[in-house]
Amino acid sequence: MNKDSIKIFCPATIANISCGFDVLGLALSAIGDEMVIKKVRNPGLSITKISGLDLPKEIHKNVAGVAGLAFMEASEYKGGFEIEIYKKIKAGSGIGSSAASAAGAVWGMNYLLDSPFSQHQLVQFAMAGEKLASGVAHADNVAPAIYGGFTLVRSTEPLDVIPIHVPKELYASIIHPHIEIKTSDSRKILKTSISLADGIKQWGNVGALVAGLYQEDYGLISRSLVDHIVEPIRSILIPGFDEVKHEALGAGALGCGISGSGPSIFALSKGLKTAQKVTQAMSKVFENMDLSYDPYVSKINTKGIQIMTL
Ligand code: ADP
């Protein structure tokens, strides 16, 4: 096999998952970017091609470049890399567009060098890229992109990522309404302190959701997919949110909430058929509002980033 060049699928991800603000995330299989990473003799890193989105090729302005540089600084490799990015995940959609590029860059480079770094270290490099995108070196999207499945980021300093079991019949629905919400705006409106009563409800749900995932107890998963802290505030920025959620639950979803900082809305369901029904029900709300959107139905991606044939 030619190990000088690799083409990879870099999954979209859902962060927060209702009760797990800034700590929980999961990887999707139905949507993701593609990247080609090449090993070249000349030292340094360059982004040679970007398609699908208008993004800067300068390495200090692109999350793939920033994450890649963090990787190269820690590596003993003396040569260079070239990166091509084929964007399928729209920036600012709330399904980890920047995370896919940051995670993909470092995963691909690591593979081409025969994996000198662990998944844990790759998440740390990718977090440097996330800092460029949102000002915060968060890991709730890059961790599931690299590990696959569900992940819990217990702490970022020091980094502590816990991969979580994925129930076999779990599927995700995503609806991305074509409206723009700035991540900075959706962070700004959040309160910086919460009541003890809300905290109790929230950590009860996070603990129960993790238990429900391990036990494949869909009833418990459903009861735990509740957000008492962020969703009541952030959902105001997404037109039709309450109705979409109502329709998703009515169609049989286990739970429904904001994906990352929005505007995408996600739902989790047991079984593909229910997930398809839920996606249709959610889509209908935006159709009635005359708002354009992208719908996706996806299995939970337990592998994370994957090699594609060149
Ligand atoms: P979301 O997760 O809400 O979809 P992101 O976290 O992906 O949003 O943030 C997108 C921001 O990151 C945009 O401002 C975009 O210009 C910037 N950015 C820089 N490099 C990239 C890249 N390679 N892919 C996607 N976004 C990038």
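Here the sequence shown is numbered in the working numbering, starting from 166 and rising by one per residue. Even glycine gets a Cβ: it sits at the ideal position worked out from N, Cα and C.
Inset, instruction - Decide if glutamine 289 is buried, meaning its Cβ has at least 16 other Cβ atoms within 10 Å, or exposed. - result: Classification of glutamine 289: buried, given that the 10 Å Cβ count is 16 or more.
Inset, instruction - Enumerate in chain order the residues of its own chain whose CB-to-CB distance from histidine 285 is below 8 Å, with the five nearest sequence positions on each side excluded. - result: Sequence-distant Cβ neighbours of histidine 285 in its own chain, meaning closer than 8 Å and more than five residues away, are Leu324 and Val326.
Inset, instruction - Rounded to whole angstroms, what's the CA-CA distance from lysine 168 to leucine 277? Just pull it up for me. - result: Straight-line Cα distance between these residues: approximately 6 Å.
Inset, instruction - Could you please give me the residues that DSSP links to proline 176 through a beta bridge? - result: Proline 176 pairs with Gly197.
Inset, instruction - Return the residue from the list Ala413, Thr474, Gly420 and Ile212 that minimises the CA-CA distance to asparagine 181. - result: That would be Gly420, whose Cα lies nearest to the Cα of asparagine 181.
Inset, instruction - State the DSSP-derived secondary structure class of proline 328, mapped to helix, strand or coil. - result: Proline 328 falls in the strand class under three-state DSSP.
Inset, instruction - Between the Cα of lysine 214 and those of His225, Arg206 and Met200, spot the shortest distance and give me the residue it belongs to. - result: Of His225, Arg206 and Met200, the residue nearest in Cα terms is Met200.
Legend entry - Start-to-end residues for the beta strand (DSSP E) that takes in valine 462: Note, valine 462: beta strand (DSSP E), 458–464.
Legend entry - Cβ-based neighbour list, glutamate 247, same chain, cut-off 7 Å, excluding 5 preceding and 5 following: Cβ within range, chain order: Lys203, Val205, Ser211 and Thr213.
Inset, instruction - Using 6 Å as the cut-off, classify the Cβ of glycine 425 as near or not near the heavy atoms of the ligand ADP, replying yes or no. - result: Yes - the ligand ADP has a heavy atom lying nearer than 6 Å to the Cβ of glycine 425.
Inset, instruction - Name the one or two DSSP bridge partners that proline 342 has. - result: Note: proline 342 is bridge-paired with Tyr458 in the DSSP secondary-structure output.
Inset, instruction - Would you check whether the ligand ADP has a heavy atom nearer than 6 Å to the C-beta of leucine 220? - result: Yes, the Cβ of leucine 220 comes within 6 Å of a heavy atom of the ligand ADP.
Legend entry - Which listed residue (Ala376, Ala310, Ser424 and Ala337) has its alpha carbon closest to that of glycine 469: Per the Cα distances, Ala310.
Inset, instruction - Return yes when at least one heavy atom of the ligand COA lies under 6 Å from the C-beta of alanine 362, else no. - result: Only the ligand ADP can be found as ligands here, which leaves the ligand COA out of the picture.
Inset, instruction - Answer yes or no: the CB of alanine 229 versus the heavy atoms of the ligand ADP, is any distance below 6 Å? - result: Flag set: Cβ of alanine 229 near the ligand ADP.
Inset, instruction - Scan the region 268–334 and note each continuous beta strand (DSSP E) run of 3 residues or more that stays entirely inside, going in chain order. - result: Complete beta strand (DSSP E) runs here, min 3: 315–321 and 324–329.
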